[in-house]
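Novice: What follows is a structure written as structure tokens; I'll ask about it next.
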Amino acid sequence: MVKKSKKSKSKRVSLRKKYKILKKVKEHHKKKAKEAKKLGKRKKPTEKDPGIPNAWPFKEQELQALEARRARAIEEMEQKKQAKKERAEKRKLGLINEEEADLADLAQVANNRSFEYDKQKPYGKDSTQGDRSQRSFYRELLKVIEASDVIIEVLDARDPLGSRCEDVERLVMKSGPSKHLVLMLNKIDLIPKEVAEKWLKYLREELPTVAFKCSTQQQRAHLGQKKGSKGANGGSTSECLGAETLLQLLKNYSRNHKLKTAITVGVIGLPNVGKSSLINSMKRTRAVNVGSTPGITKVLQEVQLDKNVKLLDCPGVVMAKAKESEQSAVLRNSKRIENIEDPVSPVKEILRLCPRDKLMTIYKIPSFETTDEFLQQVGLVHGKLKKGGIVDLAAAAKLVLKDWNLGKIPHYCMPPTRTQHEPEHAAIVSAFSKEFNIEDVYQDERSTVISSLPSLMESAHFELPANAPVAMDIPEPGVDDDSDKEDEGVETSGDVPCDMDVSEIRAASVKGASVSLTQNEKLYKEEGIFNPHLARAERKRRKKSSRITVKSDGSGAVKDDSGSDYDFAVDYREEPEDDVEQMTGIE
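Set out below in structure tokens:
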């Protein structure tokens, strides 16, 4: 009989067997985890509330407040249950239909959210990033108005009144007699010819107005411009229309004022109306970033068009007031579609405004009754599906909103009828017509731009009611960004009425900034302490003076001497000792 070996058995196995064992173990663990999940055994144990410590000095008051909050929450829950039960009973009796019930629920949720937002809205130093960006955008708007000779307000031709801000127009008018405001109907190719002519006639009774279509070409440079001709379809081309008309208008102003330097033209308007696209179309190159989402432009951008015209691009700073609903802001493309919490509500508004047969033709879907049915069919056609083939209603709603903003759902608004006492701008229009030679420009525009648009009979557009002009939301006072404090010595407070002059706003901000001077004097008054604020101000002053130093020649023209060679014998100037002591903080 063979004796059994006393040596330990080797644990060496072939790789095939090893990986087979690992695979079996993995499958076993997976099976056990699935069974535990099905039985509900994988739930983490809930952490118990330790309660209020006994050493807490105000424990009894805190317990009473906690009990009151619990009672209030229970009462609110009971009210919601009761309201839900009443709606269900009315629905059974046929007093309200499903669509009205959904709208009532949405209205209730919106009211609750607005109440909670107003209650928790931060003020002062705790302001949110959105509030800071609004204040910074508002400051950029003031910069553009101050630096510009001519301000162009860009309007969406599909809804000119809905994209117009009269508060900003009043701010421009009060900035001084040297500021001239011009309205521009952009995206003119998205409306029929007859509608464009009526809007131009309506707006020209108040201010000079030109029609424009930005270039939609994607190349980096050599963006096309088209003069247009009769019989040409301006809506089918990707080239720019109306550039020559606008350029002629600006050159007429420069010629009539006998300006030897370049005029500065500021471009303002609501987000995503085409301000940056206008500048790129005029420059015929992609000088500034553009996009279909609002908020691409963050700061003021300067573009030199030629030796006579300089363009200033401004962020979309005209934000609607809080009383405006989110739906109207979304349909005006003033809010990013990605940031919408409830994209279905704006789609309901679109279905309320648009004829259903038009939407059926555009999306190639059968007839529908409710908003959910419409989104279900749109999601099926465009493949907006979740796991298991379920239609993603939110993704389908965002697709419809994107098509609305891009003009794939063609619509237009007609201008309202004026009353007898409305025409108050006749004197302004007559004064501007002399400075811009408006009649010659309008005649050229009719033969080049308007004639190339499709007629109302040939297009598939439908009419919508015109919206009211947007009211400007003045930013609230608060603490500005640190970067703004370093870059600017004078800041504009957000709590400024619209009827104030720009110079008055600057004066008010200087008055507010003087409060902190006494504190700085106390901090840096000791001998030998370096004052960084004085040093920074001195550096900025020197840089600015060296940049704008000019000297006049015999003809009276201004000549820049910043690029001339430096001569030590002539240009060196020894600073007095008092200035050096002031910079270092030594008394």
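Numbering-wise, the working numbering comes out as the position in the sequence shown, counting from 1, plus 2. Even for Gly, the Cβ is constructed at its ideal location relative to N, Cα and C. These numbers were taken from a predicted model, which means no experiment stands behind them.
Mind listing, in chain order, the continuous beta strand (DSSP E) runs of no fewer than 3 residues lying wholly within the stretch 248-286?
Specialist: Runs of the beta strand (DSSP E) inside the stretch 248-286: 265-271.
Novice: Am I right that K189 and D158 are in contact with their C-beta atoms under 8 Å? What's the rounded C-beta distance?
Specialist: Contact flag correct, Cβ pair sits at about 6 Å.
Novice: Tell me which same chain residues have a C-beta within less than 8 Å of the C-beta of A396, skipping the five on either side of it?
Specialist: Excluding residues within five positions, the ones whose Cβ falls inside 8 Å are P345, V346.
Novice: Is the separation between the beta-carbon of L187 and that of L202 shorter than 9 Å?
Specialist: For L187 and L202, yes; Cβs fall inside 9 Å.
Novice: Taking the alpha carbon of P317 as the reference point, which residue from Y140, K350, R172, T419 has its own alpha carbon closest?
Specialist: Nearest option by C-alpha distance: Y140.
Novice: So the candidates are V269, R334, F60, G276; which of them puts its Cα closest to the Cα of E304?
Specialist: If we check each option's Cα against that of E304, V269 comes out closest.
Novice: For M362, name the three-state secondary structure that DSSP assigns.
Specialist: It is helical.
Novice: Three or more C-beta pairs under 8 Å: does that hold for the stretch 381-391 against the stretch 329-339?
Specialist: Short answer: they don't touch.
Novice: May I ask you to report which of helix, strand or coil DSSP gives V197?
Specialist: If DSSP states are grouped into helix, strand and coil, V197 belongs with the helices.
Novice: Would you call the stretch 169-181 and the stretch 412-422 in contact, with 3 or more CB pairs under 8 Å?
Specialist: Not touching, per the Cβ criterion.
Novice: Within the same chain, show all residues whose beta-carbon is closer than 7 Å to that of V380, passing over the 5 residues directly before and after it, in chain order.
Specialist: The residues are Y365, I367, A398, L401, V402.
Novice: Is the CB-CB distance between L307 and L249 below 9 Å?
Specialist: Closer than 9 Å, so yes.
Novice: Which residue comes first and which comes last in the alpha helix (DSSP H) that contains T373?
Specialist: 373-384 is the span of the alpha helix (DSSP H), which, as asked, contains T373.
Novice: With a Cβ-Cβ cutoff of 9 Å, do G164 and C356 count as a contact?
Specialist: Taking 9 Å as the Cβ cut-off, G164 and C356 do not qualify as a contacting pair.
Novice: DSSP beta-bridge partners for I352?
Specialist: I352 pairs with nothing; no bridge assigned.
Novice: Quickly, what does DSSP pair M79 with across the bridge? List them, please.
Specialist: For M79, which the question treats as bridged, DSSP gives no partner whatsoever.
Novice: Would you list the one or two residues that DSSP bridges to D158?
Specialist: DSSP lists N188 as partners of D158.
Novice: Which two residues bound the contiguous alpha helix (DSSP H) that contains H31?
Specialist: Looking at the DSSP string, the run of the alpha helix (DSSP H) that includes H31 is 17-41.
Novice: Start and end of the beta strand (DSSP E) containing E171?
Specialist: Segment 168-175 is the alpha helix (DSSP H) holding E171; no beta strand (DSSP E) there.
Novice: Among the candidates L41, G271, E69, whose CA atom is the shortest distance from the CA of G53?
Specialist: Comparing Cα positions, the closest option is E69.
Novice: Using the C-alpha atoms, what's the distance from K33 back to R18?
Specialist: Rounded to whole angstroms, R18 to K33 spans 23 Å at the Cα level.
Novice: Is the beta carbon of A149 less than 9 Å from the beta carbon of L314?
Specialist: It is a contact, given that the beta carbons lie within the stated cut-off.
Novice: Bridge partners of C415, per DSSP?
Specialist: According to DSSP, which records beta bridges pairwise, C415 is partnered with L466.
Novice: For E49, name the three-state secondary structure that DSSP assigns.
Specialist: In this structure, E49 counts as coil in the three-state DSSP scheme.
Novice: DSSP beta-bridge partners for H182?
Specialist: Paired residues: V152.
Novice: How long is the line joining the alpha carbons of E77 and K83, rounded to whole angstroms?
Specialist: Looking at the two C-alpha atoms, the distance is approximately 10 Å.
Novice: From this set, K309, V267, E465, which residue's C-alpha is nearest R354's C-alpha?
Specialist: Checking every option, the nearest Cα to that of R354 belongs to E465.
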